[in-house]
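Chains as they are written, first to last, in the working numbering: chain V, 202 to 612; chain W, 202 to 612. The structure appears below as structure tokens.
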């Protein structure tokens, strides 16, 4: 047993506005067990088509997971379709009816007639209790094959898979150990990163390497499978340390923490406080810093100075400086950071000024961003970047680069 | 012809971190033509399995759209799988080779040998030019059926579908007229909205009604199909105007514009300027306002005052007021808005203060948010809300409610 297919059931998943995300979570769980997903299918509430899809899946793989279509209405056809595909009848379960009646009593609601549909299972199935909804799941074995019926709502599906299916699956799968490494990287583009590290990971299928990139934020996942822990660790050693060596301090996290959380830890360790002065990011930098619970311990506040006049008025940036260098200059970024630090009394301050577009106001090319930094007993400093993207892409990268700049300085 | 299936090809789409979103866009396009999607499939780079999936699709529907797997490498198996499923050979096209060679010359790059794979099409296929990449698409007719091969990168796929496939499809489909209405709604939850308007739209399958909800932002789409424009408009009349009546000024946009864009138009029409004072939203409000291109015309700047001390120091909020009412109070929100207005010289100012959690600092329940507003020649005003969600859910709703509060006041 090593391959699986995932079938999501529900006509709403075939509209332009809804997407099946359960399969991503299930894939992660299955991969963790050494099971690969070969195919994912989304079908509507169409018994005949669903049953044809299940039959094809059973020909191709040993594990078939269905999500959704277990509700009480006529539209919910998963039970019937699975029974049909396996050539087994549906049978009534008194224990499911008892559990359902009790649930409705507890919630002080009357059970509708159509909920009775939810008390039938495919003959030979083990019902899987659902603590969070009315739809029981089902675990069905058929020769060497396994079919799982799970409810569609993500919190019900996750709880049922984790609580009921994981241990049953593990028993059926060859014993194996999974060991992972996880790096988060800032300050470089995806293609530059891949060019740098692909010679290290490309030769190895095990560990499997996955790279996931957002705006200036890259995640690298390594996953090794083996029969024993030392063997899995040995496999990781061929790829993990060379990648760490190549990326150096561009790796900002090894435990999944995002960069704003890492900065929070750095500031807390120093008992330091932080303020911001934002121009082109317009609040995004403060938003990211304060998205961390407990950030009021170190973040005092800041200034959104979108116009030159506000840079002067709120932060004390010299109008002559702006006239000479424009607002998109190292001089302005330094003065903004220094102004924020002085006016809030924070230990550190960071500033962002630049051209997010669509038109340049200062004459500097769109994408130009200057990050400033002020600290006690030192001159303020600034760095210039040219960042990629449309208006909101530049803004997102500018905030990310500013956070990374701060992280390196506090390192 | 009325049903379609969409097949996304690529092993990366079977990992936990990648999802096929092309199918959402394609579904929207197909629905617009009156075509329903019956099944969506994701398969890896597996020729045999892909070919079996295509064969099943051709049995079930008249339109099969494949995305991805048209690249130059051995992993790119879509061409071969379609040829196999249709029982036709692949044939070399000199015109595709010429176009490809020219493209590489223009970019001053050497064409790799394996790019030759991209010059083969299924016999009888019409090649579809790709202005944005090396992979040509294919349009294949087989009796009454149509198979489309499109490239995987979304911007290539969209350009090719819009430029090449849409008009070809329209010719094959029965003539029909589509008319739509689109409403964006703020200031109420999804279930409250649905309870209010479902008696209006539920009785009608045509127009089709789709409701899509984000944090405090709801989109309502109506889509009517008919043989003529007056007929389609008549169908919309049964649902659109009653919904407009029920929702009144909760509808903030009828053309898709988001609320920050609507506010921008309101401010521009009044030649007015705006500043913000943010506590619990930490910059998110400013971020949203400045995400609109050209917002520097009306947004001057603002203050992130995360601590009580900063509210006093940067905005002039009276410490005695904070001691008496705490920072999560109408009094504080009004003083913050007034302070921002005075210190920036803007015409209007909005403020947000509240408890985003996880712990309450002021004693007010987590989710409590106060929105303040200051304008010329009037007392500042404030409104209290209790918003739903975890820390970042409350923050997102707080920004949305603040924007909606401003929109109504400027109405």
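All C-beta atoms in this analysis are idealised placements derived from N, C-alpha and C, irrespective of residue type, glycine included. From a predicted model like this one, the values you see are computed outputs, not experimental measurements.
Environment of residue 569/V [buried if 16+ CB atoms lie within 10 Å]: buried
Inside the region 491–558 of chain W only - alpha helix (DSSP H) runs reaching at least 4 residues: 509–516, 520–526 and 531–545
Residue 542/W vs residue 476/W beta-carbon contact at 8 Å: yes
Through-space distance from residue 587/W to residue 532/W, alpha-carbon basis: 17 Å
Chain W within 8 Å of residue 608/V, Cβ atoms only: no
Nearest-angstrom Cβ-Cβ length linking residue 318/V and residue 273/V, presumed shorter than 8 Å: Residue 273/V and residue 318/V do touch by the CB rule: their CB atoms are close to 5 Å apart, below 8 Å.
Beta-carbon contacts of residue 416/V that lie in its chain and below 8 Å, excluding the five residues immediately before and after: 590, 594, 597, 598 and 601
Min CB distance residue 540/W to chain V below 8 Å: no
At least three beta-carbon pairs within less than 8 Å, the region 250–261 of chain W to the region 281–288 of chain W: yes
Proximity below 8 Å, CB of residue 266/V to CB of residue 361/V: no
Inter-residue Cα distance where the pair is residue 323/V and residue 312/V: Straight across, the Cα-Cα distance linking residue 323/V with residue 312/V is about 22 Å.
Proximal residues to residue 204/V (C-beta, below 6 Å), its chain only, five neighbours per side dropped: Residues 237, 239 and 262 of the same chain have their beta carbon placed closer than 6 Å to that of residue 204/V, with the five preceding and five following residues left out of the count.
Beta carbon proximity, residue 202/V to chain W, threshold 8 Å: Because the pLDDT of residue 202/V is 48, which lies under 50, any placement of that residue in the model is unreliable, and the number read from its coordinates should be weighed accordingly. So, not an interface residue.
Outcome for residue 457/W when other beta-carbon atoms lying within 10 angstroms are tallied against a minimum of 16: exposed
The region 552–571 of chain V: positions lying closer than 9 Å to chain W by Cβ: 557, 558, 559, 560 and 562
Secondary structure of residue 258/V, DSSP reduced to three states: helix
Residue closest to residue 407/W, alpha-carbon to alpha-carbon, out of 422/W, 394/W, 396/W and 414/W: Here the closest residue by C-alpha is 422/W.
Rounded distance between the beta-carbons of residue 552/V and residue 538/V, thought under 8 Å: 4 Å
Paired residues, beta bridge with residue 301/V - DSSP: Bridge partners of residue 301/V: none, in fact.
Residues sharing a beta bridge with residue 420/W, DSSP: 385/W and 413/W
Proximity below 8 Å, CB of residue 501/V to CB of residue 462/V: Note that the C-beta distance between residue 501/V and residue 462/V is not below 8 Å.
Proximal chain W residues relative to residue 502/V, where beta-carbon distance stays under 8 Å: 504, 505, 506, 507, 508, 511 and 515
Proximity of residue 499/V and residue 483/V at Cβ, strictly below 8 Å: no
Cβ pair residue 550/V, residue 534/V closer than 8 Å: No.
Unbroken beta strand (DSSP E) run spanning residue 399/W, endpoints: Here residue 399/W belongs to no beta strand (DSSP E); instead the alpha helix (DSSP H) covers 391–402.
Distance, residue 592/V Cα to residue 671/W Cα: Chain W is shown only over 202 to 612; residue 671/W falls outside these bounds and no answer can be derived.
Per-residue DSSP class, three states only, for residue 349/V: The answer is strand: DSSP assigns residue 349/V an E or B state.
Residue(s) in a DSSP beta bridge with residue 338/W: The bridge partners DSSP lists for residue 338/W are 329/W.
Segment contact flag, the region 208–222 of chain V with the region 218–231 of chain W, C-beta cutoff 8 Å, min 3 pairs: yes
First through last residue of the beta strand (DSSP E) which encompasses residue 241/W: Here the beta strand (DSSP E) through residue 241/W covers 237–244.
Beta-carbon proximity check, residue 453/W vs residue 386/W, cutoff 8 Å: yes
Buried versus exposed call for residue 321/V [16 or more other C-beta atoms within 10 Å across all chains shown]: buried
Residue 360/V (DSSP reduced to helix, strand or coil): helix
Contact check, residue 380/W vs residue 448/W, beta carbons under 8 Å: Cβ distance not < 8 Å, so residue 380/W and residue 448/W don't count as in contact.
Cβ-Cβ distance between residue 480/V and residue 554/V below 8 Å: yes
CB contact below 8 Å: residue 225/V versus chain W: So yes, residue 225/V belongs to the interface.
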